[in-house]
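Enquirer: After the structure tokens below, expect a handful of questions from me.
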Amino acid sequence: MPWYAVRPRDAADPRWPLPGTEQIVLKAEDPDNARAKFEEAYPSEPFRSPAVPVPNTGAGSFRGDAEALIVSETAEPASPRD
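Oh and the sequence shown: position 72 is 72 in UniProt numbering, straight run, nothing missing.
Structure, rendered in structure tokens:
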């Protein structure tokens with residue numbers, strides 16, 4: 001299975017779940033499957049703010065907004081060093 005990098009089209013998109021992280025790399029069968037895995041793992045905007053104090057209740061989501069994410073095949077990520 002190939003590796004895919006998922007990143008927002010707009011780096012300032014407030015829906016991006018991991019501020020400070022440029023992209024998320026994951027294994028998937030194809031770009032559509034990579035997008036589906038991302039949407040399942042990050043169903044709504046980040047939480048722990050006064051507007052969104054609990055997980056999975058935010059108004060923002062990439063679901064149904066195919067143009068907001070860029071999914072591209074990439075190399076296997078380097079393993080973290082201890």
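Every residue gets a Cβ at the ideal spot worked out from N, C-alpha and C, and that includes glycine.
Can you list, in chain order, the residues of its chain with a C-beta nearer than 8 Å to that of residue 37? Leave out the 5 residues immediately preceding and following it.
Expert: Sequence index remark: in the sequence shown, residue 37 carries index 37 (1-based). Excluding residues within five positions, the ones whose Cβ falls inside 8 Å are 26 and 28.
Enquirer: Hey, residue 13 and residue 68 are a contact pair by Cβ (cut 8 Å); roughly how many whole angstroms apart?
Expert: Against the sequence shown, residue 13 aligns to sequence position 13. Against the sequence shown, residue 68 aligns to sequence position 68. So it is a contact: roughly 7 Å between Cβ atoms.
Enquirer: So what does DSSP say about residue 28, is it helix, strand or coil?
Expert: The residue you call residue 28 lines up with position 28 of the sequence shown. Coil, per DSSP.
Enquirer: To the nearest whole angstrom, what separates the beta carbons of residue 79 and residue 15, a pair I think is in contact under 8 Å?
Expert: Stepping through the sequence shown from its first residue, residue 79 is reached at position 79. Stepping through the sequence shown from its first residue, residue 15 is reached at position 15. Going by Cβ atoms, the distance from residue 79 to residue 15 rounds to 29 Å, so no, they are not a contact pair.
Enquirer: What residue range does the beta strand (DSSP E) around residue 7 cover?
Expert: As a working note, residue 7 is residue 7 in the sequence shown. First-last of the beta strand (DSSP E) with residue 7: 3-8.
Enquirer: Going by the CB atoms, is the gap between residue 22 and residue 34 shorter than 9 Å?
Expert: Within the sequence shown, residue 34 is the residue found at index 34, counting from 1. Within the sequence shown, residue 22 is the residue found at index 22, counting from 1. No; because the gap between Cβ atoms is not below 9 Å, this pair is not in contact.
Enquirer: In terms of residue numbering, what span does the beta strand (DSSP E) encompassing residue 73 cover?
Expert: Taking the first residue of the sequence shown as 1, we reach residue 73 at position 73. Looking at the DSSP string, the run of the beta strand (DSSP E) that includes residue 73 is 69-74.
Enquirer: Could you have a look at residue 38 and say whether DSSP puts it in helix, strand or coil?
Expert: As a position in the sequence shown, residue 38 is number 38, starting the count at 1. Residue 38 falls in the helix class under three-state DSSP.
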